[in-house]
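A.B. asks:
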Amino acid sequence: MFGFKTTPSAILPAPSSPRLRSRTGLRLKMFSLPRRTIFIFFCGVFLITLLTIVHQLQLTTSQVKNYTTWIRDHGGHVSVAGDTTSTATTAADLPGSTEVYIQEQLEVPPPHDPSSPPDSKGCEALVESHRKTLLNTFSKSLRPYTTVNLLANPPITPEDAFISVSQSLLLQHLGITISESCSTPKTCNFTDPTLPILISSPSSPSLNPLEKPSTPLLTLLQSGNIQNDTPIHGFPLPHRHLDPIRTKETLTAYHAHQNLHLTASDSISHSFLTTNFPGSSGLQSHLIPDITFFLGSRPDLKSRYQRRVDVLILGSGTSWPDPKEDWINKWRSLDIKKGFWSVKVDFRPHGINETGEWTPDQTYKEGDKWHADPRTQTVKTWRGTWSELTDADQGDDWKRTLTAMEHIASARLVITDRLHVHIMATILNIPHILLDRSSEGVLLDHDVWTRTCGNVRVVGSIEDAWDMAKGFLGANGGGLEWLVGEGRRGSDMVEE
5 MFGFKTTPSA ILPAPSSPRL RSRTGLRLKM FSLPRRTIFI FFCGVFLITL LTIVHQLQLT
65 TSQVKNYTTW IRDHGGHVSV AGDTTSTATT AADLPGSTEV YIQEQLEVPP PHDPSSPPDS
125 KGCEALVESH RKTLLNTFSK SLRPYTTVNL LANPPITPED AFISVSQSLL LQHLGITISE
185 SCSTPKTCNF TDPTLPILIS SPSSPSLNPL EKPSTPLLTL LQSGNIQNDT PIHGFPLPHR
245 HLDPIRTKET LTAYHAHQNL HLTASDSISH SFLTTNFPGS SGLQSHLIPD ITFFLGSRPD
305 LKSRYQRRVD VLILGSGTSW PDPKEDWINK WRSLDIKKGF WSVKVDFRPH GINETGEWTP
365 DQTYKEGDKW HADPRTQTVK TWRGTWSELT DADQGDDWKR TLTAMEHIAS ARLVITDRLH
425 VHIMATILNI PHILLDRSSE GVLLDHDVWT RTCGNVRVVG SIEDAWDMAK GFLGANGGGL
485 EWLVGEGRRG SDMVEE
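Counting along the sequence shown from 1, when you hit position 50 you're at 54 in this note's numbering, and nothing is skipped either side.
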């Protein structure tokens, strides 16, 4: 038998109780229990606690499975960790699940036939989900700030304008103002070096170190013009470093800075960050959509613009299309401006014959004269550029964005290999065909963010793109000129 030591101030029976005796202090014997009874009691408590923990783990596992199933069934929407207000489910909510999530995305077939022409139903819910993801992510990471410095290249292409407008809208929504803006990382000397620095997204999704001397972020970190603990936040940036020397330089610079908050919109870039910076290294990373999704779903803008041609091609002027494709190469020579070339294609009534075959006949314009292909004149091509803005308008990102939107929305179908043309077509609900170029990172973004969207298809060659364009026009009533002549509208235009 044993008792418990206590103090005179404890709640005890009266000192005169015959059950109490004093030796080195007061000992309580009236509540003494056998050792076996006490052992059994504590074993019972331990067992109950263990069963409770196991039950909670089972619930958590069930929730993870439910979350994973929900992500797969709803197009794999990704949001910032811990968000409970967004309609998008968060891959980051599931520990270590980013790679699993991406793998599931690639394994689950899209809800449409990839070989069928794109539809015109749109992806409004998907786009709005991505917009909320961006808002939730940056509202949390930028919450402490009202003023920031910005590192951004001056907009040159319409894609740069898309990005600039999207970033401006986001900062306005968060009530954040830009104190100073710098476009040359090596010479960025901000007046207040303690302000957080935002790194703008690039217009190119590849930024391959084998092709470019350096990224703006890496150049800034190596410049020595910023403090080691200055908060640096990046809009979605590529981190696909193929050159071992550049990879080593990047890792050294990133590890040396103690306050990096970076985002990536493709799986390889995000994997690079999470693998090399596992949480406690001063760098935080998120997998989020491209910043231009913050423009939100805007099919209303599409309805403002008139459909003037059937097919619009917007591609890179440097390496696409393949030089072997001579008949397309003629189109490539028509217009190369600031890294882009643009061709509008109008399918004439007989462009698709009775057997469903299509021949790439064309006319083209040099100067003020139209030149006819010696075969036929069933297809008209137009020597076009992104915009006809004057020099005074070149700095107005809003005008350039709206002009580019009108350019894209002038076509019933767009063929492109450009990431931001693809995103803009998705936002405007323009059916489009995405050409797979292994040298670019466009499909890395598409596979994660728009793979389930019905108004986009991916093909491997320009011939496949034309075959699909033929199927699209055939399924929607034929060429535009024929429809206009008959006083009809294509089935892809009935809701406009």
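All C-beta atoms, glycine included, are put in the ideal place defined by N, C-alpha and C.
Counting only runs that start and end within the region 400-427, where is the alpha helix (DSSP H) found for 4 or more residues in a row?
C.D. replies: If we require 4 residues or more, the alpha helix (DSSP H) runs fully inside the region 400-427 come out as 401-413.
A.B. asks: Considering only DSSP beta bridges, list what Q288 is partnered with.
C.D. replies: According to DSSP, which records beta bridges pairwise, Q288 is partnered with H265.
A.B. asks: Say whether the region 114-130 touches the region 146-164, bearing in mind that this needs 3 or more beta-carbon pairs closer than 8 Å, one atom from each stretch.
C.D. replies: They do not touch, by the three-pair rule.
A.B. asks: Less than 8 Å between the beta carbons of L439 and D314, yes or no?
C.D. replies: Going by C-beta atoms, L439 is not nearer than 8 Å to D314.
A.B. asks: Counting Cβ pairs closer than 8 Å, one from the region 272-292 and one from the region 232-244, do we hit at least three?
C.D. replies: Output reads yes: the region 232-244 touches the region 272-292.
A.B. asks: Using the Cα positions of P189 and T150, report the straight-line distance between them to the nearest angstrom.
C.D. replies: Rounded to the nearest angstrom, the two C-alpha atoms are 23 Å apart.
A.B. asks: Closer than 7 Å: is that where the CB of K125 sits relative to any heavy atom of the ligand SAM?
C.D. replies: Ligands in the displayed structure: none, and consequently the ligand SAM is not present.
A.B. asks: For I52, is the classification buried or exposed, using 16 other Cβ atoms within 10 angstroms of its Cβ as the cut-off for buried?
C.D. replies: Answer is exposed; the Cβ neighbour count stays below 16.
A.B. asks: In angstroms, rounded to a whole number, what distance separates the CA positions of S101 and T407?
C.D. replies: In this prediction, S101 has a pLDDT of 42, which is less than 50 and means its spatial position is unreliable; what the coordinates show is noted afterwards. Their Cα atoms are separated by approximately 41 Å.
A.B. asks: Please name the residue, chosen from D117, T420, R39, N140, that lies closest to I317 on a Cα-to-Cα basis.
C.D. replies: Residue T420 is the option with its Cα nearest to I317.
A.B. asks: What residues match up with H237 in a beta bridge as DSSP calls it?
C.D. replies: Answer is L202, H265.
A.B. asks: When you compare each of V152, V418, V446, T137 to P206 by their alpha carbons, which one comes out closest?
C.D. replies: Comparing Cα positions, the closest option is V446.
A.B. asks: Would you call the CB atoms of Q298 and L155 closer than 8 Å?
C.D. replies: At residue 298 the sequence reads Phe, which differs from the Gln that was named. No, these two residues do not count as a Cβ contact at 8 Å.
A.B. asks: Spatial neighbours of H177 within its chain, please: C-beta separation below 8 Å, excluding the five flanking residues on both sides.
C.D. replies: The residues are L139.
A.B. asks: Determine, using beta carbons only, whether L287 and L266 come nearer to each other than 8 Å.
C.D. replies: The answer is yes: Cβ separation under 8 Å.
A.B. asks: Taking S119 as the reference, give the member of N480, R461, D496 with the closest Cα.
C.D. replies: It is R461 whose Cα lies nearest to the Cα of S119.
A.B. asks: Within 10 Å of its beta-carbon, does I201 have 16 or more other beta-carbons around it, so buried, or fewer, so exposed?
C.D. replies: Buried: at least 16 other Cβ atoms inside 10 Å.
A.B. asks: Is it buried or exposed for G464, if we count other Cβ within 10 angstroms and need 16 for buried?
C.D. replies: Exposed, by the Cβ-count rule.
A.B. asks: Measure the C-alpha to C-alpha separation of Y258 and S269 and round it to an integer number of angstroms.
C.D. replies: Roughly 19 Å separates the two Cα atoms.
A.B. asks: Buried or exposed for K306, going by 16 or more other Cβ atoms inside 10 Å?
C.D. replies: K306 comes out buried.
A.B. asks: Measuring alpha carbon to alpha carbon, tell me which residue in L448, L417, A415 is nearest S273.
C.D. replies: Measuring from the Cα of S273, the nearest candidate turns out to be L448.
A.B. asks: Identify which residue in N433, R147, P148 has its Cα closest to the Cα of R308.
C.D. replies: The option with the nearest alpha carbon to R308 is N433.
A.B. asks: Am I right that E184 and T195 are in contact with their C-beta atoms under 8 Å? What's the rounded C-beta distance?
C.D. replies: So it is a contact: roughly 6 Å between Cβ atoms.
A.B. asks: Rounded to whole angstroms, what's the CA-CA distance from R40 to G48? Just pull it up for me.
C.D. replies: Each residue's Cα considered, the two are about 12 Å apart.
A.B. asks: In three-state terms, what does DSSP make of I75?
C.D. replies: For I75, the predicted structure reports a pLDDT of 29, less than 50, and the residue's modelled location is therefore unreliable. A value from the coordinates is still provided. Of the three classes helix, strand and coil, the one that applies to I75 here is helix, per DSSP.
A.B. asks: Per DSSP, what kind of secondary structure is S168 in: helix, strand or coil?
C.D. replies: Three-state DSSP puts S168 in a helix.
A.B. asks: If we count the other Cβ atoms within 10 Å of its Cβ and call it buried at 16 or more, is V488 buried or exposed?
C.D. replies: Answer is exposed; the Cβ neighbour count stays below 16.
A.B. asks: At which residues does the alpha helix (DSSP H) containing E132 begin and terminate?
C.D. replies: Taken as a continuous stretch (DSSP letters only), the alpha helix (DSSP H) holding E132 covers 128-145.
A.B. asks: Under 8 Å, do I427 and D294 count as touching if we go by C-beta distance?
C.D. replies: Contact: yes.
A.B. asks: Are the CB atoms of G458 and H116 within a distance shorter than 8 Å?
C.D. replies: Contact flag set, yes.
A.B. asks: Report the rounded CA-to-CA distance for P282 versus S289, giving the unit in angstroms.
C.D. replies: C-alpha separation (whole angstroms): 10 Å.
A.B. asks: Would you mind reading off the limits of the alpha helix (DSSP H) that contains H259?
C.D. replies: Here the alpha helix (DSSP H) through H259 covers 248-260.
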